[in-house]
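Chains as they are written, first to last, in the numbering used here: chain A, 1 to 217; chain B, 1001 to 1217.
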DNA sequence: CTGGTTACTGACCGATCGGTCGGTCAGTCC
DNA sequence: GGACTGACCGACCGATCGGTCAGTAACCAG
């Protein structure tokens, strides 16, 4: 039905106003995120983008190349969305809550990209694509560590604790919640499955105040 | 070279003394864990188990059935290895450290099984295989929550904090370390990439004592 | 008008996929 | 010995995989 006389007429429509190449990248990202690299087929990606399989190979020479392009833009998106998270002022505990909540919000509102990035990070082999993602991640990680250790040297945070461990613990909590959010809904005694922001705040409560009984205020 | 005259002679050897079906399950688990469901091929699994592809289909009717069998045994193994982690006595902070270190130890010494279980949990669709794994997980999760909230009611832990959030934060830290242990090695300023047990202990330091400055003892 | 470039296509390729089939061989029970 | 069973195999199947290629329609430069 959308099929028109000539090839170019179809493109003239620029389905949904989006040029084919962009549409292709977006569809590929979605399908790679859903099915993984091996599970995604070029035919399905082409169909989703309403484009012929040959055209996919015209724009990106191979499946691998398409995947790399997808990962690259995903890593950039991921970096961009996280860019703003740490740029805040205010009381320290509020800033920690802010960071955790915003971080949670960002990965949730970019779940496709986050899925791709995490999937890539979990690979054991050190391929080109892993390097792309790793650099983005380590940059963001270092900024969080810097933030914490600076707060420590200003005597605002417990100096006895390793800042990198604290940073990783914060990130772990959010990432774990994100990765298993579907399963968490079926956990008994867990009230936060549908409330990511309160969960992020509760995590800060735990990590900031500590489990030790003396801190119950 | 291991090829012998008749089919049965080959089996009489029971390569490495392990019956074919078990060997098959083990090889399938390894390959599914490495390559994912779509990425694993029946031919490769058969070759790894030193068995013909037809024989794989003789024992398990389909790729999906083989995968389900693998997931089922993996979930059982996972449950079994975690069974002992919480059965300890002693001072509370020691028990927390104990739990975290043993939990870390168990997932690391069963990385194949853990990879499989985590991979399965991350799927968004709720398939039969997800249910298998989910039940195991929620049982173990509930026991950790019970432990924490019991300690709280005995005034041994900060009662103001949600026990399920605390439990998830502990688990998240270990799982995240496990999933990204390869990448963590390349993080600057992170000394724990090759030292999982000290990391687990450091996480307890953070979560037990809290980031708040007043707790620096 | 012409020649080159770019976007795009359907027809096609060899390889590999999951899965089937017919049959061999050894052990078991009667 | 004969009927039956279950483990096992090679050969083969249709479908799908990633990828190629010749060609066409539109655009732009001269």
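From the three backbone atoms N, C-alpha and C, an ideal C-beta is built for every residue, glycine too.
DSSP places residue 176 of chain A in the uninterrupted alpha helix (DSSP H) bounded by 163–179.
Within the same chain, Cβ atoms closer than 7 Å to the Cβ of residue 72 of chain A are found at 132, the five residues on either side in sequence being excluded. Here the region 1093–1112 of chain B makes no contact with the region 153–164 of chain A; the two share fewer than three CB pairs at distances below 8 Å. Measuring C-alpha to C-alpha distances from residue 1168 of chain B to each of A:145, A:147, A:164 and A:193 identifies A:193 as the nearest. Residue 1119 of chain B has its alpha-carbon roughly 22 Å from the corresponding atom of residue 78 of chain A.
Annotation: residue 1195 of chain B is outside any alpha helix (DSSP H) and is labelled neither H nor E by DSSP. Residue 56 of chain A is positioned such that its CB atom lies no closer than 9 Å to that of residue 116 of chain A. Annotated as proximal: residue 141 of chain A and residue 1190 of chain B, with beta-carbon spacing under 9 Å. Counting only residues of its own chain and dropping the five nearest sequence neighbours on each side, residue 1144 of chain B has a CB closer than 8 Å to the CB of 1086, 1099, 1167, 1170 and 1171. Fully enclosed alpha helix (DSSP H) runs of no fewer than 4 residues occupy 92–109 and 111–121 of the region 78–133 of chain A, in order along the chain.
Residue environment analysis places residue 1210 of chain B among the buried positions, since at least 16 neighbouring C-beta atoms fall within 10 angstroms of its C-beta. For residue 1186 of chain B, at least one C-beta of chain A is nearer than 9 Å to its own C-beta. Per DSSP, the continuous alpha helix (DSSP H) segment holding residue 1045 of chain B begins and ends at 1042–1048. In this model, residue 212 of chain A and residue 1157 of chain B are separated by some 5 Å (Cα to Cα). The alpha carbon of residue 1179 of chain B has as its nearest neighbour, out of A:149, A:22 and A:122, the alpha carbon of A:122.
For residue 20 of chain A, the enclosing alpha helix (DSSP H) stretches over residues 20–39. Its chain contains no residue whose beta carbon lies nearer than 6 Å to that of residue 19 of chain A once the 5 sequence neighbours on both sides are disregarded.
Listed along the chain, the chain A residues whose CB falls inside 9 Å of the CB of residue 1207 of chain B are 169, 206, 207, 210 and 211.
Here residue 1203 of chain B is actually not in contact with residue 202 of chain A; their C-beta atoms are around 17 Å apart, not less than 8 Å. Secondary structure at residue 157 of chain A: strand, using DSSP grouped into helix, strand and coil. Among the CB atoms of chain A, none fall inside 9 Å of the CB of residue 1032 of chain B.
By the neighbour-count criterion, in which 16 or more other beta carbons inside 10 Å mark a residue as buried, residue 129 of chain A falls on the buried side.
A direct Cα-Cα distance of roughly 26 Å separates residue 1024 of chain B from residue 1137 of chain B.
If you ignore the 5 residues before and after residue 101 of chain A, its C-beta comes within less than 6 Å of the C-beta of 197 and 200, all in its own chain and listed in chain order.
Any Cβ of chain A closer than 9 Å to the Cβ of residue 1039 of chain B would place that residue at the interface, and such an atom is present.
Secondary structure note for residue 54 of chain A: its alpha helix (DSSP H) is the uninterrupted segment 53–59. Around residue 163 of chain A, the same chain offers 145, 148, 149 and 152 as residues with beta carbons nearer than 7 Å, after the five sequence neighbours per side are excluded. Below the 9 Å Cβ cutoff, chain B contributes 1162, 1164, 1165 and 1168 as neighbours of residue 192 of chain A, in chain order.
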